[in-house]
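**Student:** Numbering (UniProt numbering), first residue to last: 1 to 609.
Ideal Cβ placement from N, Cα and C applies to all residues, glycine included.
I have a structure I would like to understand better, so I am pasting it below and will then ask my questions one at a time.
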């Protein structure tokens, strides 16, 4: 065994002479943070806190970080650093039967690249409009004869109208594709040009960019924290967030969502972490870096939630007080109130008085004034694009110097998105540039350019009128079950195919000591069992619900409605999941057939000789 490791180590020395490397370990950490800390920390974690127990959600979240997040991150970083190759060659080196695992990771990363960069396109669009005064989403546009607001906007809100109509020009269903919106197409092209210039020279260019993409979001979040804490009603949002609702701990979905958030926010299974680690020095302390990146990623989620809930508290309080003012105005205009109750600011006293004095009339209009509730405003859970482009913009429009805060916010979204795209593209480019057949004919710049061009052309489907619906399809199904299966196979491959003891020796050769009992228990037992549980939950949840639904915008009602996916969309969903997952058994089958053929040829050659 010792001679085998020595031979492998000598091979690594030769490779390091030609393989590009990070300038220093800090640059690698920044790259991992830039990739892992993304939009999920900003727009999904706060939503999960809101839905599953506020501060109580932190208990399962931290447990899942310890059981699942850090061990799996450590495993992928160690594999990439020791093999010093992209995902395809790394898993192929571990076992030729695992060739399909790397291909599956590339396919999932390619799906992610196709749709993820459209978020950067939207961020560019809002950033450009943030310099207008007033902000274009702060007021509803007038109708054709200038007599009233546009009906769709009047029924919804100015922020919703700007998002669904001015930005997306959304259709009524996923079956109505419509045409490409040229403004969004231009923003998407700009987003891909930006990504291309960041990755044009691989680690040589991306290594410089990550310093900005990893640090700028924290500067903006800190500025928003200071601003958020000074806003009227911020304390209401923070109280709502940190008040633990411990009854949610008995809900299995709380634990499942905590595990899922950890799993996907770290970017496990995409091949990006393996690619990043492959550019490390062979003796880099990947164990320490796995712990650092995991803690920073989770700490950022909590930090971002504090910022989000302070802003959310301001928005909820603003809407609640506006509702109160409208109700008081309605009541004072409807009833002939005594002088002591006219223009009163005490709504509850007014309600009691009206119920006693004008009981029948008051009962008739009661449904129209029963909507004012601060609790309901705070409990309205929004995630994803709704939180990023509707809730935040609604809060920003009511801030002082709103243009400044809008520019900072969308600049932060843009840097978060670009930072994640650096990891997504690295997962694809590293195996391609490592492949001698590809790199022999195409320089690194051309490979990067082709990836960006192909992804941009396919990504134009998300700039159509039905684009947001297809975005949700890719976001929900392209990288969920697939990643669970990929990471499960990775763990089984390391622990039971490659061998945990052999992997321990490899790690010891790199960092100077073997992984302790905690890491080994997590790798060999706890993490695989947890992934199996997640997989069973997803499958049974889909079977029990029996429907695949999506949210569509109804322009006549000015709100989102729930619809079922048509048959052709379900077929595409199946292809998205199957395209990557089937690569794993298919890769093993192809190797098995090739092996049999080689043996057959060798046997025939022996007979002939």
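Answer with buried or exposed for residue 373, where buried requires no fewer than 16 other C-beta atoms within 10 angstroms of its C-beta.
**Tutor:** It counts as exposed.
**Student:** Near residue 27, which residues of its chain fall below 8 Å by C-beta distance, leaving aside the five closest residues on each side in sequence?
**Tutor:** Same-chain partners within the cutoff: 207, 210 and 211.
**Student:** Looking at the structure shown, is residue 174 part of a helix, part of a strand, or coil, going by DSSP?
**Tutor:** Residue state, collapsed to three classes: coil.
**Student:** So within the stretch 158–221, which uninterrupted alpha helix (DSSP H) runs reach at least 4 residues, ignoring any that extend past its ends?
**Tutor:** Segments of the alpha helix (DSSP H) lying fully in the stretch 158–221: 158–161 and 182–199.
**Student:** Exposed or buried, which one is residue 227 when buried takes at least 16 other CB atoms within 10 Å?
**Tutor:** Flag for residue 227 reads buried.
**Student:** Could you check the C-alpha separation between residue 411 and residue 525 for me, to the nearest Å?
**Tutor:** Going from the Cα of residue 411 to the Cα of residue 525 covers about 42 Å.
**Student:** Give the DSSP bridge partners of residue 561, in chain order.
**Tutor:** Answer by DSSP bridge pairing, in chain order: 552.
**Student:** Using three-state DSSP, classify residue 610 as helix, strand or coil.
**Tutor:** The structure shown does not extend to residue 610, since the chain is modelled only from 1 to 609, so the question has no answer here.
**Student:** Would you report the Cα separation of residue 457 and residue 400, rounded to the nearest angstrom?
**Tutor:** So the two alpha carbons sit approximately 40 Å from each other.
**Student:** In angstroms with no decimal places, state the Cα-to-Cα distance between residue 583 and residue 133.
**Tutor:** Rounded to whole angstroms, residue 583 to residue 133 spans 52 Å at the Cα level.
**Student:** Would you be able to state if there are at least three C-beta pairs under 8 Å between the stretch 549–561 and the stretch 155–175?
**Tutor:** Output reads yes: the stretch 549–561 touches the stretch 155–175.
**Student:** Put residue 142 into one of helix, strand or coil per three-state DSSP.
**Tutor:** Strand.
**Student:** Would you call the stretch 384–391 in contact with the stretch 38–53, where contact means no fewer than 3 C-beta pairs closer than 8 Å?
**Tutor:** Verdict: yes, contact present.
**Student:** Going by the DSSP bridge assignment, what does residue 312 pair with across the sheet?
**Tutor:** DSSP lists no partner for residue 312.
**Student:** From the DSSP output, read off the bridge partner residues of residue 464.
**Tutor:** DSSP output for residue 464 lists 180 as bridge partner(s).
**Student:** Considering only C-alpha positions, which residue in the set 68, 306, 574 and 416 is nearest to residue 214?
**Tutor:** For the residues 68, 306, 574 and 416, the minimum Cα distance to residue 214 belongs to 416.
**Student:** Ordered along the chain, which non-local residues of its own chain (more than five positions away) have a Cβ less than 7 Å from that of residue 339?
**Tutor:** Note that residue 339 scores 46 on pLDDT, short of 50, meaning its location in the model is unreliable and no value can be drawn from it.
**Student:** At 3 residues or longer, and completely inside the stretch 364–433: list those beta strand (DSSP E) runs for me, N to C.
**Tutor:** Runs found: none.
**Student:** Rounded to a whole number of angstroms, what is the C-alpha to C-alpha distance between residue 459 and residue 523?
**Tutor:** C-alpha separation (whole angstroms): 37 Å.
**Student:** With DSSP run on the structure shown, which of helix, strand or coil describes residue 469?
**Tutor:** Three-state DSSP puts residue 469 in a helix.
**Student:** In or out: residue 574 buried (at least 16 other Cβ within 10 Å) or exposed?
**Tutor:** Residue 574 should be labelled exposed.
**Student:** Counting beta carbon pairs with one atom in the stretch 79–95 and one in the stretch 271–286, are three or more of them shorter than 8 Å?
**Tutor:** The stretch 271–286 vs the stretch 79–95: in contact.
**Student:** Just how far apart, CA to CA, sit residue 306 and residue 47?
**Tutor:** Roughly 12 Å between the two C-alpha positions.
**Student:** Per DSSP, which one or two residues make a beta bridge with residue 149?
**Tutor:** Residue 149 pairs with 142.
**Student:** Taking the continuous alpha helix (DSSP H) assigned at residue 532, which residues delimit it?
**Tutor:** From DSSP, the alpha helix (DSSP H) with residue 532 extends over 527–545.
**Student:** Taking CB distances under 8 Å as the criterion, tell me whether residue 206 reaches chain D.
**Tutor:** This model lacks chain D altogether; it includes just one protein chain.
**Student:** What alpha helix (DSSP H) runs, 4 residues minimum, are completely inside the stretch 266–297?
**Tutor:** The stretch 266–297 contains these whole alpha helix (DSSP H) runs: 272–277.
**Student:** What is the residue span of the alpha helix (DSSP H) that residue 524 lies within?
**Tutor:** First-last for residue 524: undefined, no H or E at that position.
**Student:** Grab the span of the alpha helix (DSSP H) containing residue 509 for me, first residue to last.
**Tutor:** Note, residue 509: alpha helix (DSSP H), 500–511.
**Student:** Roughly how many whole angstroms lie between the Cα atoms of residue 284 and residue 263?
**Tutor:** Using only the alpha carbons, I get a separation of about 24 Å.
**Student:** Of the residues 54, 117, 108 and 79, which one's Cα is nearest the Cα of residue 420?
**Tutor:** Closest by alpha carbon: 117.
**Student:** Let me make sure I understand the geometry here. Which of 56, 53, 72 and 19 has the alpha-carbon closest to that of residue 489?
**Tutor:** Here the closest residue by C-alpha is 72.
**Student:** With distance defined between alpha-carbon atoms, name the residue in 67, 81 and 66 nearest to residue 507.
**Tutor:** Of 67, 81 and 66, the residue nearest in Cα terms is 81.
**Student:** By the three-class DSSP mapping on this structure, what secondary structure does residue 81 have?
**Tutor:** In the structure shown, residue 81 sits in a helix (DSSP, three-state: H, G or I).
**Student:** Check each candidate in 571, 514, 446 and 185 and name the one with the smallest Cα separation from residue 473.
**Tutor:** Of the candidates 571, 514, 446 and 185, the one whose C-alpha sits nearest the C-alpha of residue 473 is 571.
**Student:** Rounded to whole angstroms, what is the Cα-Cα separation between residue 136 and residue 408?
**Tutor:** Cα to Cα, residue 136 sits roughly 16 Å from residue 408.
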